[in-house]
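> Numbering (the working numbering), first residue to last: 5 to 268. For glycine and all other residues, C-beta sits at the position ideal for the given N, C-alpha and C. Please read these numbers as outputs of a predicted model, since none were measured by experiment.
1. Buried or exposed, going by whether 16 or more other CB atoms sit within 10 Å of the CB of residue 71?
2. With a cut-off of 8 Å on the beta carbons, I'd call residue 176 and residue 91 a contact; round off their distance for me.
3. Quick one: complete beta strand (DSSP E) runs, 3+ long, within the segment 59-145?
4. For the pair the segment 138-154 and the segment 83-98, tell me if three or more CB-CB distances fall below 8 Å.
5. If you count every other CB in all the chains shown that lies within 10 Å of the CB of residue 12, and 16 or more means buried, which is it?
6. In three-state DSSP terms, what is residue 45?
7. Let me make sure I understand the geometry here. Which of 35, 50 and 105 has the alpha-carbon closest to that of residue 67?
8. Once DSSP output is grouped into helix, strand and coil, what is the label at residue 53?
9. Smallest Cα separation from residue 160: which of 125, 238, 31 and 258?
10. Rank 123, 149 and 263 by C-alpha distance to the C-alpha of residue 5 and give the top, closest one.
11. I'd like the span of the beta strand (DSSP E) that includes residue 227, first residue to last.
12. Between which two residues does the beta strand (DSSP E) holding residue 176 run?
13. Quick one: residues in its chain with C-beta nearer than 6 Å to the C-beta of residue 114, no 5 flanking neighbours on either side, listed in chain order?
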């Protein structure tokens, strides 16, 4: 199985969490849907192309920044003293709000299209993009350090191997195998062939469980004559974690350069 491996960097970025309004909170790594959307834009795809994605990386710190926010209700007429802006008779309120920004983001992304025939096409679109790529907000430019085609393999280990460079990753829960022991009884929380190391005996699980959007489908909440489609998202349960150890008793999913891969 072939994949496109991309190593990238972003200076300041926000991967907005849905339903965060008073402050635009950010995911610690880009969601699968954000990566897939960027790929579709750079490849100029007009319909959904099924693909799997693995993402890992790290950032140095967080900071906050102000941005201009516009608020309006559908059909609300402009009222002087209540609204700042008059748009064709409708009222819009203008104000400021806060966005959470991640600083010095390093990323390693693997993209595996279901149709392996388009691997070269995606590679070319990322290698020589038609516009400057962005990941997150439109202004969050993506500095692509390298793009290459790699093979994804499963290898039986002869020694323990670690996720390097203090990177974090989204590890889908489908990889998790619970061995019957409580977290208080075991120093290690068992994944199928991967172990997540706890720093101490604790009821706190290592990592944060998240629901990450991947792709969506349209569902009609109207009638056949009055169609009202809304997007319903397919979500992936993951653990956002670091300190990942592959033991010599199992196998490791990796690329041809030995990099961990967690496809969802």
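Considering the structure as presented:
1. By the neighbour-count rule (16 or more Cβ atoms within 10 Å), residue 71 is not buried but exposed.
2. Not really, about 44 Å apart at Cβ, beyond 8 Å.
3. DSSP runs (the beta strand (DSSP E)) wholly in the segment 59-145: 65-75, 89-91 and 94-117.
4. By the C-beta criterion, the segment 138-154 is judged not to be in contact with the segment 83-98, since fewer than 3 inter-stretch pairs fall below 8 Å.
5. It counts as buried.
6. Correct three-state label for residue 45: helix.
7. It is 105.
8. In the structure shown, residue 53 adopts coil according to DSSP, grouped into three states.
9. Checking every option, the nearest Cα to that of residue 160 belongs to 258.
10. Of 123, 149 and 263, the residue nearest in Cα terms is 123.
11. Careful: residue 227 lies outside any beta strand (DSSP E) and carries neither H nor E.
12. From DSSP, the beta strand (DSSP E) with residue 176 extends over 172-176.
13. So the list reads 7, 9, 58 and 265, once near-sequence residues are dropped.
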